[in-house]
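Going by my numbering, the first residue of the sequence shown is number 28, and it counts up by one from there. Worksheet for the structure shown next.
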Amino acid sequence: MQRTLGLAAVILVLDQITKAAILATMPGPGSVVEVTGFFNLVLTYNTGVSFGLLQNDSPWGPYLLSGLALAVVAALLVWVKRQPVGLLPYGIGLVVGGAIGNVIDRMHQPGVVDFLDFHLAELHWPAFNVADSAIVCGAALIVVDGLFEMGRKSK
Numbered sequence: 028m029q030r031t032l033g034l035a036a037v038i039l040v041l042d043q044i045t046k047a048a049i050l051a052t053m054p055g056p057g058s059v060v061e062v063t064g065f066f067n068l069v070l071t072y073n074t075g076v077s078f079g080l081l082q083n084d085s086p087w088g089p090y091l092l093s094g095l096a097l098a099v100v101a102a103l104l105v106w107v108k109r110q111p112v113g114l115l116p117y118g119i120g121l122v123v124g125g126a127i128g129n130v131i132d133r134m135h136q137p138g139v140v141d142f143l144d145f146h147l148a149e150l151h152w153p154a155f156n157v158a159d160s161a162i163v164c165g166a167a168l169i170v171v172d173g174l175f176e177m178g179r180k181s182k
């Protein structure tokens, strides 16, 4: 459990530091800083879930999405406590840190702060942040762990 919570804390701190830096340096939503021919820094607020799905302007939206995220975090922490082996603790640590980072945004910003914009010509992947990256990588580790049962012997 220490590995899981330690990794979650590292992700949470990195996520909040990078978001604070973007908020301090970007002029406002919609701002774009071209970094390379395939990568920009942008400032957007995502009021929905992954990739902007389920966006709405409901005053209850942030609370409902945050409540759901915190319920998932609690379930994941119970799960890792019961199976603290293999890649699972690391995958769950990444997901938990990312989820909490995005919940903090929902409570203190107009939406989740997204700022990483990868593109090919005019085809842009939806903007994302460190927390989103951690959640995706963590989910991948959880799947790999489940497929190969890393660190567990069959009975």
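Just so you know, even glycine gets a beta-carbon here, dropped at the ideal spot from N, CA and C. None of these values were measured; they are calculated from a predicted model.
Any C-beta of chain C under 8 angstroms from that of residue i
i	result
Val107	No chain C is present in this structure, which holds just one protein chain.
Burial state of residue i (16 or more Cβ within 10 Å)
i	result
Arg133	buried
Ile44	exposed
Thr52	exposed
Val157	buried
Phe155	buried
Gly138	buried
Close beta carbons around residue i, own chain, < 8 angstroms, minus the five adjacent residues each side
i	result
Gly33	Gly120
Leu147	Phe65
Supposed close pair residue i, residue j - CB separation, criterion 8 angstroms
i	j	result
Leu103	Val122	6 angstroms
Ala161	Gly113	About 18 angstroms; that fails the 8 angstroms criterion.
Alpha helix (DSSP H) segment containing residue i, residue limits
i	result
Phe155	Where Phe155 is concerned, there is no enclosing alpha helix (DSSP H), given that its DSSP letter is neither H nor E.
Leu41	Gln29 to Thr52
CA-to-CA distance, residue j to residue i, given in whole angstroms
i	j	result
Tyr90	Ile131	11 angstroms
Lys46	Val140	6 angstroms
Cys164	Gly118	7 angstroms
Close-in-space but distant-in-sequence residues of the same chain around residue i (CB under 7 angstroms, 5 per side omitted)
i	result
Val100	Val123, Ala126 and Ile127
Lys108	Met28
Proximal residues to residue i (C-beta, below 6 angstroms), its chain only, five neighbours per side dropped
i	result
Leu39	Gly124, Ile127 and Gly128
Asp42	Gly128, Val157 and Ala158
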